[in-house]
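What follows is one structure encoded as structure tokens, with my remarks underneath.
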Amino acid sequence: MNTTFQYKWWIAVFLTIVVQLLFLRDLALFYYGFCFIYLWAIIKAPIETPPVYLIVGAFALGWLLDTFYNTHGMHAFSTVLIAWLRPTFFNILTPANGYDERSSISLAEMKWMWFFPYLGLMLITHHLVLFLLEASDWSLFGLSLWKAFLSTLLGITVFSLLELFNQGK
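Going letter by letter, the sequence shown gives residues 64 to 232 in my numbering.
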């Protein structure tokens with residue numbers, strides 16, 4: 064990872080946390096869909112990022128959100144889980160000709176055939192785990208699935224818009 068990218072990445076992490084806490088904390092789509100923009104830091108981390116750094120960063124992000132949302136480790140657990148599963152998702156979704164390890168994860172570079180399944184897997188995994196932990200009761204399984212589905216759709220929409228706005232930069 065080059066130094067310029069590291070600085071840009073840390074600024075982006077800080078901005079996503081600020082936007083999440085100030086603007087998206089109480090925003091819900093149909094009362095059930097939530098946008099967790101802070102996941103962008105984990106999703107957009109370079110392919111070459113060592114998993115240990117990603118997991119520690121995911122824990123810090125999740126813990127910070129847990130502190131402000133008063134969710135007792137639910138964000139930390141689900142964020143660490145997707146950081147831990149990220150290399151597995153790469154292995155599952157690797158194109159036939161592979162990908163360059165120095166590639167950035169972006170719609171422009173990876174194209175939609177790879178980017179959207181990756182984004183969807185990351186988001187649905189995070190949201191399912193988060194909402195099932197939040198429900199802590201199997202009688203709320205259907206509601207948790209509905210919340211995970213709507214939140215994933217909202218997340219894919221928001222992250223796709225972010226990608227489209229960032230394509231020229």
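Quick reminder that beta carbons are idealized off the backbone N, C-alpha and C, glycines included.
1) Compare the beta carbon distance of Lys210 and Ile168 with 9 Å and say whether it is the shorter of the two.
2) Short check: CB of Ala121 to CB of Trp147, under 9 Å?
3) Please name the residue, chosen from Val221, Ser214, Ile100, that lies closest to Ala91 on a Cα-to-Cα basis.
4) Which whole-angstrom value is the C-beta distance of Leu170 and Glu111, which I expect to be below 8 Å?
5) State the beta-bridge partners of Leu92 as determined by DSSP.
6) Can you check whether the CB of His189 is closer than 9 Å to the CB of Ser223?
7) Report yes if the CB atom of Leu182 is closer than 9 Å to the CB atom of Ser207, and no otherwise.
8) If you compare alpha carbons, which of Glu172, Leu186, Asn160 is closest to Val143?
9) Could you tell me whether the Cβ atoms of Thr134 and Leu128 are closer together than 9 Å?
10) Alpha helix (DSSP H) containing Glu111: first to last residue?
11) For the alpha helix (DSSP H) that Tyr181 lies in, which residues bound it at each end?
12) Could you give the distance in angstroms between the alpha-carbon of Leu196 and the alpha-carbon of Met137?
13) Applying the 10 Å Cβ sphere with the 16-neighbour rule, what's the burial state of Leu124?
14) What's the call for Tyr101, buried or exposed, on a 16-neighbour Cβ count within 10 Å?
15) With 16 as the cutoff for other CB atoms within 10 Å, does Thr79 come out buried or exposed?
Working from what's here:
1) Taking 9 Å as the Cβ cut-off, Lys210 and Ile168 do not qualify as a contacting pair.
2) Yes, these two residues count as a Cβ contact at 9 Å.
3) Ser214
4) About 19 Å; that fails the 8 Å criterion.
5) Gly96
6) no
7) no
8) Leu186
9) yes
10) Boundaries cannot be given for Glu111, as no alpha helix (DSSP H) includes it and DSSP labels it neither H nor E.
11) 175-198
12) 7 Å
13) Residue environment for Leu124: buried (at least 16 other C-beta atoms within 10 angstroms of its C-beta).
14) Of the residues assessed, Tyr101 falls on the buried side of the cut-off, its CB having 16 or more other CB atoms within 10 angstroms.
15) With 16 or more Cβ atoms within 10 Å of its Cβ, Thr79 is classed as buried.
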